[in-house]
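Chemist: Before I ask anything, here is the structure I am working with.
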Amino acid sequence: YHPHEPSPDLEPTNQSKNRGPVHSWHRASRPSVVTTRALVPVLTIVISKRYRRSMHNRLLALPLVAGAAALALTGCATSSASGNASSDGKIAVVASTNVYGSIVQSIGGDQVSVTSILNDPSQDPHSFESSARTQLAVSKADLLIENGGGYDDFMTTLDDASDTKADTINVVKLSGLDKGGDAEFNEHVFYSYPTMVKLVDDVTKRLSALDAGDKTTFEQNADALTTKLEGLESQTADLKKTYDGEEVAYTEPVPGYLFDAIGLDNVTPEAFSEAIEEGDDVPPAALKDTLALFSGKSVALLAYNDQTSSAETEQVKKVADQDDVPVVGVTETLPKGQDYVSWQQANIDAVKAALQK
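Sequential numbering from 5 applies to the sequence shown in the numbering used here.
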């Protein structure tokens with residue numbers, strides 16, 4: 005990897021130090037780049053993660069420049085980057101992705117200013133570059149929300165490099181899904197609707213503590229959102245009555261919790277999934293076995309991560325299309341113009357349509 009120029013300024017979106025367990029997966033670390041510029045001081049963190057293990061080893065260089073970067077940020081701070089309470093009276097929240105930013109915005113409404121660090125549906129969410137404005141937003145936040153589980157360790161890095169006193173919600177820790185000792189824990193907990201219900205409750209309590217005057221509004225908004233989330237749960241329970249045990253495949257375990265809720269059985273060869281997750285070449289035998297799933301139509305659908313791809317995953321998708329196996333595209337961040345509920349409703353509808361074919 006080579007040093008990158010600072011990314012474009014990160015502006016607050018209208019969607020929007022308690023640590024959770026470190027992800028139990030282990031993959032070979034890849035280099036991060038942390039640079040400081042003499043004339044225009046910024047902190048640049050480049051994190052590239054082909055998939056999906058803990059990223060903390062990639063961040064070893066950060067402490068060497070954190071002090072200098074903190075000083076640099078003082079000189080380049082602008083209020084527009086942070087949306088903090090002192091500038092506009094709103095609660096400043098920084099979320100690692102617009103998935104969590106959307107949840108906060110739905111609860112906080114006009115009383116919150118949410119900055120979602122990863123918010124581009126065309127971006128590989130496992131490649132991230134931070135600018136000084138990102139760091140500034142974190143330093144001025146009242147509340148931070150991270151996925152945890154090794155998914156977005158850049159949040160820990162940004163937090164540690166700032167002076168923020170904000171509490172952090174670690175969603176993996178909140179979920180209770182990581183029991184420890186599971187080498188294949190799926191950290192995509194934003195596809196777990198019961199986890200999102202827990203998150204709504206926690207966010208509501210935190211916002212109410214920061215702004216007691218709007219507690220009633222937060223609680224009313226949270227109740228409305230929880231009702232919608234429970235509606236999603238009800239739909240998956242209904243689908244399970246019909247499709248429990250149906251075999252499916254996916255290129256990466258992004259929709260794993262959604263599939264579990266429907267009772268779908270992932271039969272993708274472990275060697276294929278592991279190679280994709282590691283960013284390694286897929287063993288020929290594993291690729292052959294994976295392709296055979298579609299030629300024999302032994303799976304009802306293929307879930308394909310639209311935000312990351314490789315030669316092997318594209319080949320798998322091509323063969324699935326050729327053999328008339330429905331391909332369901334999934335993402336890890338919200339498509340433009342959607343909130344969390346509409347995004348997940350579209351996912352459920354797509355899976356249902358594929359299963360009915």
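Glycine included, every Cβ here is placed at the ideal spot set by N, Cα and C.
Grab the span of the alpha helix (DSSP H) containing residue 161 for me, first residue to last.
Modeler: First-last of the alpha helix (DSSP H) with residue 161: 158–164.
Chemist: Quick test of your reading: residue 102 and residue 120, contact by CB under 8 Å. State the CB separation rounded to the nearest angstrom.
Modeler: Correct: roughly 4 Å between the Cβ atoms.
Chemist: Can you tell me the Cα-Cα spacing of residue 354 and residue 214, whole angstroms?
Modeler: Going by the C-alpha atoms only, they are around 39 Å apart.
Chemist: Would you check if the distance between the CB atom of residue 253 and the CB atom of residue 297 is smaller than 7 Å?
Modeler: Yes, they are a contact pair.
Chemist: Where does residue 180 land, buried or exposed, given buried means 16+ other C-beta within 10 angstroms?
Modeler: That one is exposed.
Chemist: Identify whether residue 167 lies in helix, strand or coil by the three-state DSSP scheme.
Modeler: Residue 167: coil per DSSP, three-state reduction.
Chemist: State yes or no: is the C-beta of residue 212 within less than 7 Å of the C-beta of residue 222?
Modeler: Yes. Within cutoff.
Chemist: For residue 260, count neighbouring C-beta atoms within 10 Å of its own C-beta (all shown protein chains included) and say buried if the count is 16 or more, exposed if not.
Modeler: The residue is buried, with at least 16 neighbouring Cβ atoms inside 10 Å.
Chemist: Whole angstroms are fine: how far does the CA of residue 109 sit from the CA of residue 117?
Modeler: Cα to Cα, the separation comes out at about 8 Å.
Chemist: Is DSSP giving residue 307 helix, strand or coil here?
Modeler: It is a strand residue.
Chemist: Under three-state DSSP, which class holds residue 103?
Modeler: Correct three-state label for residue 103: helix.
Chemist: Hey, which unbroken runs of the alpha helix (DSSP H) at 4 residues or more fall wholly within the region 247–281?
Modeler: The region 247–281 contains these whole alpha helix (DSSP H) runs: 260–266.
Chemist: Within the continuous beta strand (DSSP E) that includes residue 181, where are the two ends?
Modeler: Residue 181 -> no beta strand (DSSP E), and no H or E assigned at all.
Chemist: Can you look up residue 226 in the DSSP assignment and give me helix, strand or coil?
Modeler: Three-state DSSP puts residue 226 in a helix.
Chemist: DSSP has residue 126 in a bridge; who is on the other side?
Modeler: Residue 126 pairs with nothing; no bridge assigned.
Chemist: So, helix, strand or coil for residue 333, using DSSP?
Modeler: Note: residue 333 maps to strand in three-state DSSP.
Chemist: By how many angstroms is the C-alpha of residue 163 removed from the C-alpha of residue 310?
Modeler: About 29 Å.
Chemist: Which same chain residues, not among the five before or five after residue 149, have their C-beta less than 6 Å away from its C-beta?
Modeler: So the list reads 99, 104, 173, once near-sequence residues are dropped.
Chemist: Following the continuous beta strand (DSSP E) through residue 313, name the residue where it begins and the one where it ends.
Modeler: Neither: residue 313 is in no beta strand (DSSP E) and is coded neither H nor E.
Chemist: Return the residue from the list 293, 201, 93, 140 that minimises the CA-CA distance to residue 114.
Modeler: Comparing Cα positions, the closest option is 93.
Chemist: Return helix, strand or coil for residue 50, following the three-state DSSP convention.
Modeler: The predicted model places residue 50 with a pLDDT of 43, which falls under 50 and marks its position as unreliable, so this point remains unresolved.
Chemist: Since residue 132 is in the beta strand (DSSP E), which residue starts that stretch and which ends it?
Modeler: Counting along the chain, the beta strand (DSSP E) containing residue 132 begins and ends at 131–134.
Chemist: Between 358, 348, 359, which has its C-alpha nearest residue 197's C-alpha?
Modeler: Checked all of 358, 348, 359; the closest Cα to residue 197 is 348.
Chemist: Using the Cα positions of residue 334 and residue 361, report the straight-line distance between them to the nearest angstrom.
Modeler: So the two alpha carbons sit approximately 18 Å from each other.
Chemist: So, under 8 Å CB-CB, residue 324 and residue 331 are touching, yes? Tell me the CB distance rounded to an integer number of Å.
Modeler: Correct: roughly 5 Å between the Cβ atoms.
Chemist: Hey, could you find the ends of the alpha helix (DSSP H) residue 4 is sitting in?
Modeler: It is not possible to answer for residue 4, since the shown part of the chain is limited to 5 through 361.
Chemist: Can you check whether the CB of residue 146 is closer than 7 Å to the CB of residue 111?
Modeler: Contact flag unset, no.
Chemist: Tell me whether the beta-carbon of residue 344 lies closer than 7 Å to the beta-carbon of residue 106.
Modeler: Taking 7 Å as the Cβ cut-off, residue 344 and residue 106 qualify as a contacting pair.
Chemist: Between the beta-carbon of residue 244 and the beta-carbon of residue 266, is there less than 7 Å?
Modeler: Yes, the Cβ-Cβ distance between residue 244 and residue 266 is below 7 Å.
Chemist: In the DSSP assignment, find the beta strand (DSSP E) that holds residue 188 and state where it starts and stops.
Modeler: Segment: none, residue 188 is in no beta strand (DSSP E) and carries neither H nor E.
Chemist: Can you look up residue 98 in the DSSP assignment and give me helix, strand or coil?
Modeler: DSSP places residue 98 in strand when its eight states are reduced to three.
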